[in-house]
Amino acid sequence: MTFRSDFTDAVGNTPLIKLKRASEETGCTILGKAEFLNPGGSVKDRAAKYIILDAEERGELEPGGLIVEGTAGNTGIGLASVGNSRGYRTLIVIPETQSQEKKDALKLLGAELVENVAVPYKDPRNYVHTAKRIAEERKATEQHGVLYADQWDNLSNRTAHIRSTGPEIWDQLDGKIDGFSCAMGTGGTLAGMSLYLKGQNKDIKIAAADPMGAAMYNWIKTGELKAESEGSIAEGIGQGRITGNIDGAEFDDAYKIPDAEALPIVHRLLKEEGLCMGLSTGVNIAGAIRLAKDLGPGHTIVTVLCDWGHRYMGKVWNPTFLKDKGLPAPDWL
Ligand code: PMP
Numbered sequence: 406m407t408f409r410s411d412f413t414d415a416v417g418n419t420p421l422i423k424l425k426r427a428s429e430e431t432g433c434t435i436l437g438k439a440e441f442l443n444p445g446g447s448v449k450d451r452a453a454k455y456i457i458l459d460a461e462e463r464g465e466l467e468p469g470g471l472i473v474e475g476t477a478g479n480t481g482i483g484l485a486s487v488g489n490s491r492g493y494r495t496l497i498v499i500p501e502t503q504s505q506e507k508k509d510a511l512k513l514l515g516a517e518l519v520e521n522v523a524v525p526y527k528d529p530r531n532y533v534h535t536a537k538r539i540a541e542e543r544k545a546t547e548q549h550g551v552l553y554a555d556q557w558d559n560l561s562n563r564t565a566h567i568r569s570t571g572p573e574i575w576d577q578l579d580g581k582i583d584g585f586s587c588a589m590g591t592g593g594t595l596a597g598m599s600l601y602l603k604g605q606n607k608d609i610k611i612a613a614a615d616p617m618g619a620a621m622y623n624w625i626k627t628g629e630l631k632a633e634s635e636g637s638i639a640e641g642i643g644q645g646r647i648t649g650n651i652d653g654a655e656f657d658d659a660y661k662i663p664d665a666e667a668l669p670i671v672h673r674l675l676k677e678e679g680l681c682m683g684l685s686t687g688v689n690i691a692g693a694i695r696l697a698k699d700l701g702p703g704h705t706i707v708t709v710l711c712d713w714g715h716r717y718m719g720k721v722w723n724p725t726f727l728k729d730k731g732l733p734a735p736d737w738l
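Residue numbers (the working numbering): 406 to 738.
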């Protein structure tokens with residue numbers, strides 16, 4: 406008999422799926438790590454698992470304790486799911502602009518949901534600061550303690566990828582990997598993969614795929630934290646500062662990916678390859694294609710299929726929403 410013992414144990418060991426069109430277009434083998442197959446539906450289940458297991462190990466969580474986090478949604482879904490299965494409650498602060506589907510999923514899981522005004526990080530009302538403040542306030546009244554998960558600066562986030570995603574990909578490919586590219590939210594995935602893969606073979610190329618409105622492209626290219634005013638509808642990615650998880654990791658290159666480039670990729674991925682993904686996956690695949698073109702034919706590039714498209718039916722998969730924003734929507738949608 407083979408089975409996973411609980412939710413936490415079911416996180417990880419996801420397949421690598423060959424992306425047909427991206428591979429054909431570049432003459433490379435472009436593979437997507439199928440993170441949407443994690444039990445909470447996204448790559449962030451891994452960070453949630455390690456944040457909670459590491460806190461348990463340090464004695465920072467007791468049964469019935471409250472986990473507080475600011476999140477675009479997926480980390481919250483991961484924390485609430487792991488929390489439900491291990492006896493912790495969750496309080497999630499989410500910017501009001503994030504998809505209704507993720508807010509509904511959080512409520513369904515029983516998380517206490519605080520919808521926050523969507524303002525930049527430098528504003529003290531930003532959701533990250535709000536979550537930290539609420540965590541401090543709740544310490545006075547909670548019977549069983551409070552853990553501020555802090556996916557930004559808590560290194561358990563990138564450790565998840567150093568300990569699980571990285572070794573899984575290495576084993577799946579017998580070490581035959583030339584490059585890895587994905588976008589950065591907290592940066593945990595890309596930094597963790599860089600630290601792991603460069604430790605195996607320092608010649609493996611690590612490239613950031615950056616949406617509009619984020620500062621990682623300029624930071625990697627010039628050392629300056631500068632972003633354009635144009636934004637992106639992609640959720641969960643687009644960073645403007647060097648988080649604790651990004652700090653100290655090595656990045657070889659970066660690509661600026663407009664939504665108009667990433668959207669046709671996710672739309673075609675559904676129509677031609679049967680995979681319904683969110684827009685961060687489109688940004689990731691666009692980054693992998695650019696890296697493949699830079700490296701030339703014959704290389705193996707890995708990227709991440711972050712989460713299900715069903716989390717964005719009102720946005721990525723809604724032609725009216727896209728047309729209103731002047732973004733491309735295929736006729737069949
Ligand atoms: N894609 C989606 C849909 C996400 O929710 C996130 C996490 N915020 C990411 C990508 C980026 O992952 P990371 O935080 O590891 O950079």
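For every residue, glycine included, the Cβ atom is placed at its ideal position computed from N, Cα and C. This one's a predicted model, so the numbers in the text were calculated from it and none came from an experiment.
For residue i, tell me which candidate among the options has the shortest Cα-Cα distance.
i: Gly469; options: Asn489, Tyr455, Tyr553; result: Asn489
i: Asp652; options: Lys676, Thr594, Ser410; result: Thr594
i: Val551; options: Gly580, Val473, Ala439; result: Val473
i: Glu506; options: Ile482, Val688, Ala523; result: Ile482
i: Lys631; options: Leu684, Pro724, Gly597, Lys661; result: Lys661
i: Pro735; options: Pro702, Glu677, Leu700; result: Glu677
i: Lys607; options: Lys581, Thr627, Ala620; result: Lys581
i: Ser504; options: Thr476, Met406, Thr627; result: Thr476
i: Leu518; options: Thr686, Gly478, Asp528; result: Gly478
Identify, in the order they occur along the chain, each residue of the same chain with its Cβ nearer than 8 Å to the Cβ of residue i, setting aside the five sequence neighbours on each side.
i: Leu442; result: Thr419, Pro420
i: Met682; result: Phe441, Val671, Leu674, Leu675, Leu710, Cys711, Asp712, Trp713, Gly714
i: Leu700; result: Cys433, Asp583, Gly584, Lys610, Ile706
i: Pro702; result: Thr431, Gly432, Cys433
i: Ala439; result: Thr419, Pro420, Leu421, Ile422, Leu710
Could you tell me the distance, in whole angstroms, from the CA atom of residue i to the CA atom of residue j?
i: Phe585; j: Ala565; result: 17 Å
i: Ile405; j: Lys544; result: Since the displayed the chain opens at 406 and closes at 738, residue 405 lies outside it and no answer follows.
i: Ile609; j: His549; result: 45 Å
i: Pro669; j: Trp737; result: 12 Å
i: Met718; j: Ala659; result: 29 Å
i: Ala697; j: Arg716; result: 29 Å
i: Asn559; j: Thr648; result: 9 Å
i: Ala667; j: Glu640; result: 13 Å
i: Asp576; j: Lys449; result: 21 Å
i: Ala485; j: Lys537; result: 17 Å
i: Gly731; j: Lys508; result: 26 Å
i: Val524; j: Arg530; result: 7 Å
i: Leu424; j: Ala460; result: 37 Å
i: Leu458; j: Glu467; result: 12 Å
i: Ala620; j: Met406; result: 48 Å
i: Glu429; j: Pro663; result: 22 Å
i: Glu356; j: Lys454; result: This structure cannot speak to residue 356, because the chain is shown only from 406 to 738.
i: Thr627; j: Glu547; result: 46 Å
i: Leu514; j: Ile574; result: 30 Å
i: Thr686; j: Thr708; result: 8 Å
i: Gly446; j: Glu633; result: 31 Å
i: Arg463; j: Asp615; result: 34 Å
Apart from the five residues on each side of it in sequence, which residues of its chain come closer than 6 Å, Cβ to Cβ, to residue i?
i: Phe656; result: Ile611, Ala613, Ile625
i: Gln556; result: Ala452, Thr480, Asn562, Thr591
i: Ala415; result: Arg409, Pro444
i: Glu465; result: Leu552
i: Asn650; result: Asn562, Arg563, Thr591, Gly592, Gly593, Ala596
i: Asn623; result: Glu629, Lys631
i: Gly492; result: Pro468
i: Arg494; result: Leu471
i: Ile567; result: Gly597, Leu600, Tyr601
Could you name the residues of the same chain whose beta carbon sits closer than 7 Å to that of residue i, not counting the 5 residues immediately before and after it, in chain order?
i: Ala427; result: Ile435, Ile690, Ala693, Ile694
i: Leu578; result: Thr705
i: Ala654; result: Ala596, Ser599, Leu600
i: Phe726; result: Gly719, Lys720
i: Asn521; result: Val498, Ile499, Pro500, Glu501, Tyr532, Thr535
i: Lys728; result: Ala734
i: Ala540; result: Val473, Val551, Tyr553
How about residue i and residue j: are their beta carbons less than 8 Å apart?
i: Ala588; j: Val721; result: no
i: Phe408; j: Val487; result: no
i: Leu602; j: Gly571; result: yes
i: Ala554; j: Ile456; result: yes
i: Pro733; j: Ala665; result: yes
i: Ile638; j: Leu684; result: yes
i: Glu360; j: Met617; result: Any question about residue 360 goes unanswered here, given that the chain covers just 406 to 738.
i: Leu511; j: Leu471; result: no
i: Gly645; j: Tyr526; result: yes
i: Ser569; j: Gly417; result: yes
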